Each structure stands twice: as structure tokens, then as C-alpha cells.
Amino acid sequence: MVQHQDTSSQRVSAPVLRWPREEAVVHGAAVHFVWDPLPEAGASYTLQVAADPDFANLVVEQELGEAREVLVRDAFPTDGRTFYWRVLATDAQGNTHGADTVESFISGSEAEAAAHPPLPDVEEELGPVAELVKAAAIEVAADVTDAEAFYEAEAEMGVEHEGIEAKQIMGVALATIAVLIVIIITLFQVTDRAARAAYVEAVNRAQYPELREVEAEAARLLGQYEVVRDEQTTYRIPIDRAIDVVVNEARQETGRTYSSELQLRAGN
Numbered sequence: 292m293v294q295h296q297d298t299s300s301q302r303v304s305a306p307v308l309r310w311p312r313e314e315a316v317v318h319g320a321a322v323h324f325v326w327d328p329l330p331e332a333g334a335s336y337t338l339q340v341a342a343d344p345d346f347a348n349l350v351v352e353q354e355l356g357e358a359r360e361v362l363v364r365d366a367f368p369t370d371g372r373t374f375y376w377r378v379l380a381t382d383a384q385g386n387t388h389g390a391d392t393v394e395s396f397i398s399g400s401e402a403e404a405a406a407h408p409p410l411p412d413v414e415e416e417l418g419p420v421a422e423l424v425k426a427a428a429i430e431v432a433a434d435v436t437d438a439e440a441f442y443e444a445e446a447e448m449g450v451e452h453e454g455i456e457a458k459q460i461m462g463v464a465l466a467t468i469a470v471l472i473v474i475i476i477t478l479f480q481v482t483d484r485a486a487r488a489a490y491v492e493a494v495n496r497a498q499y500p501e502l503r504e505v506e507a508e509a510a511r512l513l514g515q516y517e518v519v520r521d522e523q524t525t526y527r528i529p530i531d532r533a534i535d536v537v538v539n540e541a542r543q544e545t546g547r548t549y550s551s552e553l554q555l556r557a558g559n
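Sequential numbering from 292 applies to the sequence shown in this note's numbering.
Have a look at this one:
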């Protein structure tokens with residue numbers, strides 16, 4: 292298993308391998324190797340590329356003097372194989388560094404390499420975002436501990452504090468998150484309302500035939516019991532119902548007092 296390099300430490304004891312790294316897909320016919328040299332002057336460098344992470348089967352080994360990059364042509368097949376590389380640095384005292392710092396790449400065709408563009412700026416890991424995050428973290432630590440000595444130390448190193456407070460950065464971040472939350476909630480509400488409206492409309496449409504039948508029956512019944520003369524509170528009822536009422540009232544022999552359903556009057 293390849294142990295990738297850690298570039299977070301300020302003390303560099305081996306060349307920092309910049310490109311290619313982390314199994315990047317490159318054109319095997321022309322591979323551009325880039326690394327950062329040791330801080331000590333006078334060191335010489337040797338590039339080693341192997342087909343295995345233990346470097347038992349070397350494919351390329353070149354002594355490059357004080358160079359910090361090299362273009363290797365026509366040394367690797369373009370069939371998708373994985374290769375491992377490192378740069379051995381020999382300092383002025385004859386000590387060798389960098390044997391444990393290994394990176395890898397995949398040797399592919401030119402089209403495959405074009406389909407997998409390089410990682411962000413090879414001179415700065417993860418691009419400028421990492422440095423911005425690191426600076427914000429340092430500023431937060433200084434703000435929380437209220438360490439004025441921190442800024443004094445920066446001034447001694449020639450770094451002037453730019454006045455960008457971590458609170459401002461956090462405020463902007465929180466405001467952005469709040470806006471995103473509001474947008475997401477609004478979208479969910481709109482979607483839910485639309486779904487509910489569609490459901491209600493579908494239910495109503497499914498009940499339309501039954502509603503129409505009920506309305507027709509109600510209209511028929513109202514037509515049978517419609518008002519004839521408002522001033523005399525006289526209205527119609529079906530003939531069979533009227534016959535029943537007349538018979539019942541005749542049986543009761545209540546004199547000429549009839550129920551209010553017929554409102555029969557004397558002399559009619």
C-alpha cells in the first residue's frame with residue numbers, strides 16, 4: 292500500500308512530490324514529473340519509477356542534478372498500468388532523503404489523460420481553498436485565545452495582519468447556510484402543495500358522477516314540492532302523497548281543519 296506524502300509540516304525532510312500524484316491518469320508517452328526541492332542548497336536528485344510500490348522492478352532511474360522537474364518520453368506503456376515514483380535527494384553531507392515518499396500514476400492514452408484533467412494547482416495542494424481554510428483556522432484560534440503575541444510574531448516575520456476577522460467569515464458562511472435552508476424548505480412546501488392540490492382534484496373528479504346523480508335527484512324532488520303561491524303558503528306535493536293526506540284527514544273528521552301540507556280551505 293502506498294504511503295502518500297504529508298505536506299502539512301513546515302519542516303521538509305524530503306522532496307515534495309507535486310505531479311503526478313494520487314493515481315492521476317497521464318499520457319504515458321510523455322510524463323511530466325514535478326517536485327519541490329529540499330530547503331538546503333546543493334542537493335542533487337534522482338528520479339526512480341517502478342512498476343511496484345517496493346521499487347524492486349525499476350522502469351526509470353535518472354540522475355538529474357539540482358533539477359526540480361523532468362519530462363520522460365516513451366518510457367511507459369499506455370495500457371492503463373499503475374506506476375510508482377519517488378525522488379531521492381542527496382544533500383551536501385551525502386545523506387539520502389525521500390525513499391519513503393512515494394506517489395503513483397496511471398499510464399494511459401492521450402485521450403484518457405485529457406478526460407482526467409490534473410488536480411488543482413500542482414504548486415499548491417487542493418488549490419487556494421486549502422490555504423484560505425488554514426488562514427481562517429489560525430485566525431479563529433487567535434481570536435478565541437486573544438493572543439496578541441500571535442500578531443506580534445507575524446509582524447516580526449514581515450506579515451501584516453489584513454484585518455479580515457474570522458467572525459466576518461463565519462457570519463457570511465452562516466448567512467449563506469440560512470439562505471440555502473430557506474430555499475430548500477420553500478421548494479419542499481411548493482412541491483407538497485402542488486401534490487395535495489393534484490390529489491384533491493383527482494378525488495373530486497372521481498366523485499363527479501355520484502355528485503351529478505345526487506344533484507339530479509334533489510332537483511327532481513324539489514320540482515315535485517315547488518311553491519305555487521307564496522302569499523297563501525301553498526305548494527305542490529306528489530299526487531300519491533296528497534291522496535294519503537286527504538284520506539287520513541277525512542278519517543279523523545276534524546271538521547274543516549286540515550293539515551298545513553294541503554292548506555285546503557272551506558269552499559274549495
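Don't be surprised by glycine CBs; every beta carbon is placed ideally from N, CA and C.
Quick caveat: nothing in here was measured; it's all calculated off a predicted structure.
Identity of the residue in the options nearest residue i by Cα
i: Phe324; options: Ala464, Leu349, Trp376, Val350; result: Trp376
i: Val393; options: Glu313, Arg487, Ala533; result: Glu313
i: Gly371; options: Ala390, Ala402, Arg359, Ala347; result: Ala402
i: Gly385; options: Ala404, Pro344, Ile530, Ala332; result: Ala332
Beta-carbon contacts of residue i that lie in its chain and below 6 Å, excluding the five residues immediately before and after
i: Pro311; result: Val317, Phe396
Where residue i sits in the DSSP three-state scheme
i: Ala589; result: Because the chain here runs from 292 to 559, residue 589 falls outside it and cannot be looked at.
i: Val361; result: strand
i: Phe346; result: coil
i: Gln353; result: strand
i: Ile528; result: coil
i: Arg312; result: coil
i: Gln480; result: helix
i: Gln384; result: coil
i: Asp327; result: strand
Outcome for residue i when other beta-carbon atoms lying within 10 angstroms are tallied against a minimum of 16
i: Ser398; result: buried
i: Gly319; result: buried
i: His407; result: exposed
i: Ala404; result: buried
i: Phe374; result: buried
i: Gly389; result: buried
Chain-order list of residues whose beta-carbon lies under 7 Å from that of residue i (same chain, five-residue window excluded)
i: Val361; result: Phe324, Leu338, Gln353, Leu355
i: Ser304; result: His388
i: Arg484; result: none
i: Ala366; result: Val350, Val351
For residue j and residue i, believed in contact at Cβ under 8 Å, the rounded distance
i: Ala334; j: Thr381; result: 6 Å
i: Pro306; j: Tyr336; result: 7 Å
i: Leu308; j: Trp326; result: 5 Å
i: Arg364; j: Ala321; result: 5 Å
i: Pro409; j: Arg359; result: Actually they are not in contact, since the Cβ atoms of Pro409 and Arg359 sit about 17 Å apart, beyond 8 Å.
Nonlocal neighbours in the same chain, by C-beta distance under 8 Å from residue i, ignoring five residues either side
i: Thr387; result: Leu379, Ala380, Thr381
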